[in-house]
Amino acid sequence: MMSAALAVASRLVCGANVEWRCPSRSAGQRIYFANHASHLDFIVIWAALPSDRRGLARPVAGQDYWERGPVRWYFSRRVFNAVLIERNTAGTQDVAAAARRSIQRMSDEMGARHSLIVFPEGTRSVTGEIASFKSGLYHLARLRPDAELVPVHLENLNRILPKGESLPVPMLSRLVFGAPLAVVETESKEEFLTRARVALMQLGAVS
Amino acid sequence: MTAWHDSALVALIAGVLGLLIVASFIGWSLSRLTLSESGRATVNNINARIRAWWVMAIVFVIAVATGGVGSILLFAVLSFLALREFVTLAPTSRADHRALFWCFFIVTPLQYYLVWTGWYDLFVKLIPVYVSIFLAVRVVLAGDTGRFLERVATMQWGLMICVYFVSYVPALLTLHIPSYAHQNARLVFFLVAVVQLSDVLQYVWGKSLGKHRIAPAISPNKTWEGFLGGVLSATAIGTAIWWATPFTPLQAALMAFVVTLMGFSGGLIMSAIKRDRRVKDFGALIEGHGGILDRIDSLCFAAPVFFHLTRYFFAAG
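In order, the protein sequence lines correspond to chains A and B. Heads up: the first sequence at position 13 corresponds to 13 in the working numbering, and the numbers run straight through without jumps. Heads up: the second sequence at position 230 corresponds to 1230 in the working numbering, and the numbers run straight through without jumps.
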């Protein structure tokens, strides 16, 4: 009920024009990775998935934000079934260990059925530019070589609900789901992250 | 369901149904007869358009048949969707966010609320006077002066075209025309049917006979043959349904003629905007047609002129 209403609301506000350059359904699990400009990003991706796949796709989001207040808690836990992770904040004694724990959590929470929606830039972009990727995507891909890595390019969401605003302005947005990638044995972490970011950016190029 | 007691309106609706059935039959025959590759693409597009026309006609008939509420709701939703398409192409800045929120969620509902209450004085002034001042103030307070005039003017134009002009269609229901009480739904029907048929007939005449381009720099598909054929045949249809209007046959002909000219101008204006923004269509909501704004561009510019002509010459008070 709630999720159907949300999908309609998402379409009304973001009017997403969706293009699939890979099959919209796959037998295996997937890790969707997208550029991040707005709190609506996840909802728009989720609403664009075939309705029988929505329940299986879980967003990865920052615990500090989504556990603040009963409304956010309700949406993140009950509606979206989000995987909430600790973000690396200054003052954490062992940043690397915390990051490893988070990646392990994501992999565990995927289990044998779920797909994940992640935003490898780590935070929302203000300008609409795609920042360099954090290494989490690489480590997650290494932990779950069975999952397809699907780039998802989002356009115009930074105008619909920019960082710092709480009310959306309806506009048309565009989503492109690209061909899946995988980590190649011979490439370094940096090479992979650059390749993934370039693949994502190319989806946004005007054809 | 007041419409079913209005035999003239029922007759008009039956006419539309008949037209759609004939169009679907022609489309089906064309798809069986056409073999060439390029011909097929055109025929497929025509059939997609006809299918979309069925949906649009059914939505429109339901809205008109449910009386005032249905019509107001339909055109309010159309305004919202059209404004969404317009703003997507507008050169707005981050500082316009709050002002745009007002346009969608306060101004648009308020304008249609005024149609609902029939408060004519405020209905005609709200957007051109009060909102135009308010928007400029709201944007200037946000502090970004980059391309200030362009941003404010574009926002105001979007509201005028997508909300103000469109709201004139259901506002026809609020006119008090002597010895035409409770029949205003037919006026809405007359306007929408003549404008949309003019678009369709311009397309049909242009596709079949079109040779001489009328505005090559703006819209390469528009021809003199399409324009004259479409305007004249839509005017003829408008004249032929004079019995459903408060007009005499000659008055109906003049009204239909003015409305088709306004519609043609509207189509050209919106094409110029699309050309400038380097897009083919405003959206992709209606299969074969493009976006909402691509479908109602001619109606936007015809509605206010039709409303005021009718009000000035035919309405009481």
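Think of the CB as a built atom: it goes at the ideal place given N, C-alpha and C, for glycine as much as any other residue. The model shown is predicted, which means the values in this text are computed figures rather than measured ones.
Through-space distance from residue j to residue i, alpha-carbon basis
i       : j       : result
B:A1258 : A:V8    : Per the sequence presented here, residue 1258 of chain B reads as Val, with Ala not at that position. Cα-Cα distance, rounded: 39 Å.
A:R197  : A:I117  : 15 Å
B:P1109 : A:P168  : 16 Å
A:R195  : A:A61   : 23 Å
B:L1309 : B:L1175 : 12 Å
B:A1052 : B:F1075 : 18 Å
B:I1273 : B:M1262 : 17 Å
A:R11   : B:W1242 : 41 Å
B:M1056 : A:C14   : 22 Å
B:M1001 : B:W1116 : Low confidence applies to B:M1001: its pLDDT is 44, below 50, so where it sits in the model is not reliable, and the reading given next is rough at best. Answer to the nearest angstrom: the Cα atoms are 18 Å apart.
A:L161  : A:L40   : 7 Å
B:A1014 : A:G178  : 48 Å
A:F192  : A:R77   : 32 Å
A:E86   : A:Y65   : 10 Å
A:M2    : B:T1034 : 47 Å
B:L1100 : A:V183  : 43 Å
B:A1193 : B:L1030 : 25 Å
A:A98   : A:E19   : 36 Å
B:F1306 : B:L1232 : 18 Å
B:D1281 : B:T1042 : 17 Å
B:A1234 : B:S1198 : 5 Å
A:G112  : A:Q29   : It should be pointed out that residue 112 of chain A corresponds to Ala in this sequence rather than to Gly. Cα to Cα, A:A112 sits roughly 8 Å from A:Q29.
B:A1240 : B:G1118 : 30 Å
B:Y1180 : B:S1036 : 52 Å
B:I1026 : B:A1048 : 13 Å
B:Q1202 : A:K189  : 60 Å
Terminal residues of the alpha helix (DSSP H) in which residue i lies
i       : result
B:E1150 : F1148 to L1159
B:I1046 : E1037 to A1065
B:L1114 : T1108 to T1117
A:A47   : D41 to A48
B:I1127 : Note, B:I1127: premise wrong, no alpha helix (DSSP H); not H, not E.
A:A9    : M2 to C14
B:S1031 : S1007 to L1033
A:V169  : Here A:V169 belongs to no alpha helix (DSSP H), and DSSP marks it neither H nor E.
A:H139  : G136 to L143
B:V1166 : V1166 to A1171
Beta-carbon spacing of residue i, residue j below 9 Å
i       : j       : result
A:R58   : A:S107  : no
A:L235  : A:P180  : Only positions 1 to 207 of chain A appear in the structure, and residue 235 of chain A is not among them; the question remains open.
A:L143  : A:N17   : no
A:V44   : A:L154  : yes
B:G1266 : B:L1299 : yes
B:Y1168 : B:A1303 : yes
B:G1206 : B:G1238 : no
B:M1255 : B:F1190 : yes
A:P120  : A:A199  : no
A:N158  : A:L172  : no
B:I1127 : B:L1081 : no
B:L1135 : B:F1123 : no
A:H36   : A:G164  : no
B:I1050 : B:S1024 : yes
B:P1246 : B:L1187 : yes
B:R1275 : B:I1218 : yes
B:V946  : B:V1139 : For chain B, the structure presents residues 1001 to 1317; residue 946 of chain B sits outside this window and is missing.
A:R54   : A:L203  : no
B:L1098 : B:A1065 : Checking the displayed sequence, the identity of residue 1098 of chain B turns out to be Arg instead of Leu. No, the pair does not count as a contact, with Cβ atoms beyond the cut-off.
B:E1085 : B:G1283 : yes
Sheet register partners of residue i (DSSP bridge)
i       : result
A:W20   : A:F177
B:G1290 : B:I1286
A:S115  : A:A57
A:I85   : A:G62
B:R1213 : B:T1223
A:P151  : A:F33
Enclosing beta strand (DSSP E) for residue i [first to last residue]
i      : result
A:G211 : Any property of residue 211 of chain A remains undetermined from this structure, which presents chain A solely from 1 to 207.
A:F33  : R30 to A34
A:P70  : Here A:P70 belongs to no beta strand (DSSP E); instead the alpha helix (DSSP H) covers P70 to Y74.
Contact set between residue i and chain B, taken where Cβ atoms lie within less than 7 Å
i      : result
A:N35  : By Cβ distance, chain B contributes nothing, its closest Cβ being about 17 Å from A:N35, past 7 Å.
A:V167 : The sequence given here places Leu at residue 167 of chain A; Val does not occur at that position. Within 7 Å Cβ-Cβ: F1101.
Proximal chain A residues relative to residue i, where beta-carbon distance stays under 7 Å
i       : result
B:S1289 : The question names Ser, but residue 1289 of chain B in the sequence shown is His. Within chain A, no residue comes near B:H1289; the closest Cβ sits about 15 Å away, beyond 7 Å.
B:R1084 : G15, P170, M171 and L172
B:F1247 : Near B:F1247 there are no residues of chain A at all, since even the closest Cβ is about 39 Å away, more than 7 Å.
Interface partners of residue i on chain A, CB under 9 Å
i       : result
B:G1283 : G15, N17 and L172
9 Å Cβ cut-off: residues of chain B touching residue i
i     : result
A:G81 : It is Asn, not Gly, that sits at residue 81 of chain A in the sequence shown. What A:N81 touches in chain B: nothing, since even the nearest Cβ is about 30 Å away.
Residue i beta carbon near the ligand SAM (any heavy atom closer than 8 Å)
i     : result
A:I45 : Ligands in the displayed structure: none, and consequently the ligand SAM is not present.
Neighbour list for residue i in chain B, Cβ cutoff strictly below 8 Å
i      : result
A:P162 : R1094 and H1097
Chain-ordered chain A contacts of residue i [CB-CB under 8 Å]
i       : result
B:V1087 : V169, P170 and M171
B:F1134 : Within chain A, no residue comes near B:F1134; the closest Cβ sits about 16 Å away, beyond 8 Å.
B:F1104 : V169 and P170
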